[in-house]
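Heads up, the sequence shown is in full-length UniProt numbering, so the first residue is 1 and it goes up one at a time.
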Amino acid sequence: MDCLFCKIARKGLPSDVIVYENDAAMAFLDIHPLSLGHTLVIPKIHYENIITLKEDEITPLFSAVKKITEQLMKVLSPHGFTIGINHGKDAGQVVDHLHIHVIPRYLGDGGRSIHSIIQNSSPYEEGLHNIAKKIRISQ
Ligand code: AMP
Ligand code: ZN
């Protein structure tokens, strides 16, 4: 498979933008950064999204997210972070290899919160409790 992020994981592309890796995950700088330090964290194995991601990949992946967030805080001193996944083409996913955006936020950067992604939405015509009933995972 000719996946761009698989190539990065195999170090088939210039690796001087890689900022962290463990056995199963890797972090590298986004080529079109939204802010200083914008980093992508990927599993080294190809998974399209968090649904197909294997259970035992979760810990190393999110450990890498935590590690790089701590490091960005230490060296760049941002005022906050927006951390997230564009899951699926319709949600803005362009590269179909799971990646978590870690975007350092700075005062006055003009960016807004996750709540600004969708506006004027009122999805609970069925009622909040009915939707919760439908979604709830039984133990
Ligand atoms: P998404 O819309 O969540 O799929 O975002 C894909 C991200 O990958 C974008 O922020 C791109 O700037 C970034 N990107 C694409 N190609 C590369 C590359 N070769 N190296 C680093 N980041 C890349
Ligand atoms: Zn891939």
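C-beta: ideal position from N, C-alpha, C; glycine also.
In terms of residue numbering, what span does the beta strand (DSSP E) encompassing residue i cover?
| i | result |
| --- | --- |
| Thr39 | 39-43 |
Alpha carbon to alpha carbon, what distance is there between residue j and residue i?
| i | j | result |
| --- | --- | --- |
| Ile103 | Thr82 | 5 Å |
| Lys11 | Lys74 | 26 Å |
| Ser122 | Leu13 | 44 Å |
| His79 | Ile100 | 19 Å |
| Pro33 | Val19 | 14 Å |
| Ile114 | Asn86 | 12 Å |
| Val94 | Cys3 | 12 Å |
| Ile117 | Asp16 | 32 Å |
| Leu107 | Asp90 | 30 Å |
| Glu48 | Ile8 | 15 Å |
| residue 205 | Gln71 | The question about residue 205 has no answer here: the residues shown for the chain are numbered 1 through 139. |
Among all the DSSP beta bridges, which residues are the ones paired with residue i?
| i | result |
| --- | --- |
| Pro104 | Phe81 |
| Phe28 | Ile18, Leu40 |
Where do the ends of the alpha helix (DSSP H) carrying residue i lie?
| i | result |
| --- | --- |
| Ile131 | 128-135 |
| Asp56 | 55-76 |
| Lys7 | 4-9 |
Leaving out five residues on either side along the sequence, give the residues of the same chain with a beta carbon under 7 Å from the beta carbon of residue i.
| i | result |
| --- | --- |
| Asp23 | Pro60 |
| Ala25 | Val41, Ile42, Pro43, Lys44, Pro60, Leu61, Ala64 |
Got a sec? Which residues, its chain only, sit under 6 Å from residue i by beta carbon, not counting five neighbours each side?
| i | result |
| --- | --- |
| Cys6 | His46 |
DSSP on residue i, reduced to helix/strand/coil?
| i | result |
| --- | --- |
| Ile118 | coil |
| Asp90 | helix |
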